[in-house]
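> Following this message is one structure expressed as structure tokens.
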């Protein structure tokens, strides 16, 4: 018997038992759908979300801060510890020259006094947002600037209280390379690079205003005054403060982990504030600010695996470091476990489908004993009969695998669309679902091989059935 004859007989059998064949194909298709969707989604979560971020991105970043002077270098005649080691351009150049470093981003923090608008949020936007919480964060007071008259705040939006002036820290970064830093936009946008009149605020600012994260859009577009403090001391007179006030517009709300502070601004703006503060009167009367040109550095390694190496090299220079690579490594391990579990669920579904194929073919063997006897009587060999049943099982598995794989990929696309909608609502970049060719081919081939394996026992049973026994049983 030729393969063409075996294929023709298998096709005839499938047409005669079309309903049973359809149910068998549906079982394989559902199992392949589950396996393909789960594996594709798990693989995307790993390769697209985590791996891409870890390659030269925020997850492979290292926060560098100034460290205390090395005790071994302390003068024996003066055992007091020396000042902290500064972070300056020379240190930045040394770190940049390290072979495993992709980029080094400076961070400059400055202390400012803050006057918020009244009301501190857009009432029209708040009206479209969920109700305000019943509690409002306490306000903080400070000495009023000599050139500005500030009256007691009066709440003009129900449930919202305008806090009085308060001191806070602005964090200046290189906004042109903000994508390399651990900053997430919750609403609005980041300030324009080099701008002196735009600012982004953090969730801490929202809390101070008595707002929630979902109400972040309400502060976008409002104005806030930022004043860099400076001390003016005349001879025999008490210390007096004066601030250099700048009206800024809140253009966005962010979650940032570059440095403590509720205001994210350009490097130019934070440097201008520090320069004004540092130019106070005498040394005793000046506002205490760090002498280091940079408050910190954010070092981006070439790859997640290089973070430990870069941290060790920076520590040897005498600076303290912190990085989230241990957290990321743990997340990677958990994702691997998730992949294994999801893959196992899909594999179990395929095994159940293969049992359905075996059951259907065993029933076909019992129903087709006369046909088997006739084939044996006209000279068909055992392997010819076995070939017919294996061909039938393979066709059912192949068709079910193709249909199920297509449905599984379509399901993964649907899930990806839902996830991207959520990420867009949170101000995060979407995830593009790739075409996992190996996964799709594996699902089709796996379904076919499992079907062949499930049909092996019924095919062997049909092949070993004697012709006379088959004719008598019929």
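In our numbering, the protein residues as written are 12 to 485. Backbone N, C-alpha and C define an ideal beta-carbon position, used for all residues, glycine too. It should be emphasised that the depicted structure is a prediction, and the values quoted were computed from it without experimental measurement.
1. State the DSSP-derived secondary structure class of residue 319, mapped to helix, strand or coil.
2. Helix, strand or coil for residue 389 per DSSP?
3. Taking residue 220 as part of the alpha helix (DSSP H), name the residues at either end of that continuous run.
4. Assign residue 310 to buried or exposed, taking buried as 16 or more other Cβ atoms, counted over all protein chains shown, within 10 Å of its Cβ.
5. Nearest-angstrom Cα distance between residue 473 and residue 406?
6. Which of helix, strand or coil does DSSP assign to residue 451?
7. Would you kindly work out how many angstroms separate the C-alpha atoms of residue 156 and residue 234, rounded to a whole number?
8. Have a look at 109, 274, 229 and flag the residue whose alpha-carbon is nearest the alpha-carbon of residue 238.
9. Under DSSP, the beta strand (DSSP E) around residue 241 begins and ends at which residues?
10. Is it true that the CB of residue 227 sits closer than 8 Å to the CB of residue 264?
11. DSSP beta-bridge partners for residue 312?
12. Mind checking who residue 506 pairs with in its DSSP beta bridge?
13. Would you tell me roughly how many angstroms separate the C-alpha atoms of residue 476 and residue 383, rounded to the nearest one?
14. Taking the straight line between their C-alpha atoms, what separation do you get for residue 365 and residue 212?
15. If you check the beta carbons only, do residue 105 and residue 424 fall under 8 Å apart?
16. Nearest to residue 357 by CA position, among 126, 397, 43, is which residue?
17. So which of 400, 395, 397, 444 has the shortest CA-CA distance to residue 419?
18. Tell me whether residue 224 is buried or exposed, calling it buried when 16 or more other Cβ atoms sit within 10 Å of its Cβ.
19. Please state the DSSP three-state secondary structure of residue 267.
20. From the DSSP output, read off the bridge partner residues of residue 275.
21. Whose CA, out of 391, 130, 466, lies closest to the CA of residue 401?
22. What is the residue span of the beta strand (DSSP E) that residue 101 lies within?
23. Roughly how many whole angstroms lie between the Cα atoms of residue 145 and residue 363?
24. Would you check if the distance between the CB atom of residue 111 and the CB atom of residue 304 is smaller than 8 Å?
25. How should residue 11 be labelled, buried or exposed, when 16 other C-beta atoms within 10 angstroms of its C-beta is the threshold for buried?
26. Assuming residue 194 contacts residue 118 (C-beta within less than 8 Å), just tell me the rounded distance between them.
27. Straight-line CA distance for residue 163 to residue 129?
28. Is the beta carbon of residue 232 sitting closer than 8 Å to the one on residue 133?
29. Excluding the 5 residues preceding and the 5 following residue 499 in the sequence, name in chain order all residues of the same chain whose CB lies nearer than 8 Å to its CB.
30. Between the Cα of residue 206 and those of 253, 214, 262, spot the shortest distance and give me the residue it belongs to.
31. Specify, as a first and last residue, the run of the beta strand (DSSP E) that residue 74 falls within.
32. Measure the beta-carbon distance from residue 116 to residue 200 and round it to whole angstroms, keeping in mind my assumption that it falls under 8 Å.
33. Determine the extent of the beta strand (DSSP E) in which residue 197 is found, giving its start and end residues.
34. Going by DSSP, what residue range makes up the beta strand (DSSP E) through residue 333?
35. Taking only the alpha-carbon atoms, compute the straight-line gap between residue 153 and residue 124 and give it to the nearest angstrom.
36. What does the alpha-carbon distance come out to for the pair residue 34 and residue 457?
On the basis of the supplied data:
1. Against the chain shown, residue 319 aligns to sequence position 308. Correct three-state label for residue 319: helix.
2. Along the chain shown, read from residue 1 onward, the residue named residue 389 stands at position 378. DSSP places residue 389 in coil when its eight states are reduced to three.
3. Stepping through the chain shown from its first residue, residue 220 is reached at position 209. It spans 214 to 220 - the alpha helix (DSSP H) in which residue 220 sits, taken as one unbroken run.
4. To locate residue 310, count along the chain shown from 1; it is residue 299. The residue in question, residue 310, is buried, as its Cβ has 16 or more Cβ neighbours within 10 Å.
5. As a first step, residue 473 is located in the chain shown; it is residue number 462 there, counting from the start. As a first step, residue 406 is located in the chain shown; it is residue number 395 there, counting from the start. Their backbone Cα atoms lie some 18 Å apart in a straight line.
6. Position 440 of the chain shown, counted from the start, is the residue given in the question as residue 451. Three-state result, residue 451: helix.
7. In the chain shown, counting from the first residue as 1, residue 156 sits at position 145. In the chain shown, counting from the first residue as 1, residue 234 sits at position 223. Note that residue 156 scores a pLDDT of 40, beneath 50, so its modelled location is shaky; the value from the coordinates is reported in the next line. Rounded to the nearest angstrom, the two C-alpha atoms are 18 Å apart.
8. Within the chain shown, the letter at position 227 stands for residue 238. Closest option to residue 238, Cα to Cα, is 274.
9. Within the chain shown, the letter at position 230 stands for residue 241. Start and end: 234 to 243.
10. The count along the chain shown starts at 1 and reaches residue 264 at position 253. The count along the chain shown starts at 1 and reaches residue 227 at position 216. For residue 264 and residue 227, yes; Cβs fall inside 8 Å.
11. Here residue 312 is taken as the residue at index 301 of the chain shown, counted from 1. DSSP lists 112 as partners of residue 312.
12. This structure cannot speak to residue 506, because the chain is shown only from 12 to 485.
13. Taking the first residue of the chain shown as position 1, residue 476 is located at position 465. Taking the first residue of the chain shown as position 1, residue 383 is located at position 372. If you take the alpha carbons of residue 476 and residue 383, they lie about 8 Å apart.
14. Taking the chain shown and counting its residues from 1, the one referred to as residue 365 is at position 354. Taking the chain shown and counting its residues from 1, the one referred to as residue 212 is at position 201. Cα-Cα distance, rounded: 58 Å.
15. Along the chain shown, read from residue 1 onward, the residue named residue 105 stands at position 94. Along the chain shown, read from residue 1 onward, the residue named residue 424 stands at position 413. No, they are not a contact pair.
16. By 1-based counting over the chain shown, the position of residue 357 is 346. That would be 43, whose Cα lies nearest to the Cα of residue 357.
17. In the chain shown, the residue the question calls residue 419 occupies position 408. Of the listed residues, the one whose Cα sits closest to residue 419 is 444.
18. By one-based count along the chain shown, residue 224 stands at place 213. Flag for residue 224 reads exposed.
19. Taking the first residue of the chain shown as 1, we reach residue 267 at position 256. In the structure shown, residue 267 sits in a strand (DSSP, three-state: E or B).
20. On the chain shown, position 264 is the one that residue 275 refers to. In DSSP, residue 275 forms a bridge with 182, 211.
21. Position 390 of the chain shown holds residue 401. Nearest of 391, 130, 466 to residue 401, Cα basis: 466.
22. As a first step, residue 101 is located in the chain shown; it is residue number 90 there, counting from the start. First-last for residue 101: 100 to 107, but that is the alpha helix (DSSP H), not the beta strand (DSSP E).
23. Indexing the chain shown from 1 puts residue 145 at position 134. Indexing the chain shown from 1 puts residue 363 at position 352. Here the model assigns residue 145 a pLDDT of 44, short of 50, so the residue's position is not dependable and the matter cannot be decided.
24. Within the chain shown, numbered from 1, the residue matching residue 111 stands at position 100. Within the chain shown, numbered from 1, the residue matching residue 304 stands at position 293. Cβ distance not < 8 Å, so residue 111 and residue 304 don't count as in contact.
25. The structure shown does not extend to residue 11, since the chain is modelled only from 12 to 485, so the question has no answer here.
26. Here residue 194 refers to the residue found at position 183 of the chain shown. Here residue 118 refers to the residue found at position 107 of the chain shown. The pair is not a contact, with the Cβ atoms about 12 Å apart (cut-off 8 Å).
27. One-based indexing of the chain shown puts residue 163 at position 152. One-based indexing of the chain shown puts residue 129 at position 118. With a pLDDT of 38 at residue 163, under the threshold of 50, the predicted position of this residue should be treated as unreliable, though the coordinate-derived value follows. Their backbone Cα atoms lie some 10 Å apart in a straight line.
28. What you label residue 232 is simply residue 221 of the chain shown in a count that begins at 1. What you label residue 133 is simply residue 122 of the chain shown in a count that begins at 1. Their beta carbons are under 8 Å apart, which means residue 232 touches residue 133 by this criterion.
29. Outside the shown range of the chain, which is 12 to 485, sits residue 499, and nothing can be said about it.
30. Taking the first residue of the chain shown as position 1, residue 206 is located at position 195. With distances taken between Cα atoms, residue 206 lies closest to 262.
31. Counting from one through the chain shown, the residue named residue 74 turns up at place 63. Residues 72 to 76.
32. Numbered from its first residue, the chain shown carries residue 116 at position 105. Numbered from its first residue, the chain shown carries residue 200 at position 189. About 19 Å; that fails the 8 Å criterion.
33. Along the chain shown, one-based indexing puts residue 197 at 186. Taken as a continuous stretch (DSSP letters only), the beta strand (DSSP E) holding residue 197 covers 194 to 199.
34. For the purposes of this step, residue 333 is taken as the residue at position 322 of the chain shown. Residues 331 to 333.
35. Taking the first residue of the chain shown as 1, we reach residue 153 at position 142. Taking the first residue of the chain shown as 1, we reach residue 124 at position 113. Because residue 153 sits at a pLDDT of 39, beneath the cut-off of 50, its placement in the model cannot be relied upon, and the point is left open.
36. What you label residue 34 is simply residue 23 of the chain shown in a count that begins at 1. What you label residue 457 is simply residue 446 of the chain shown in a count that begins at 1. Looking at the two C-alpha atoms, the distance is approximately 19 Å.
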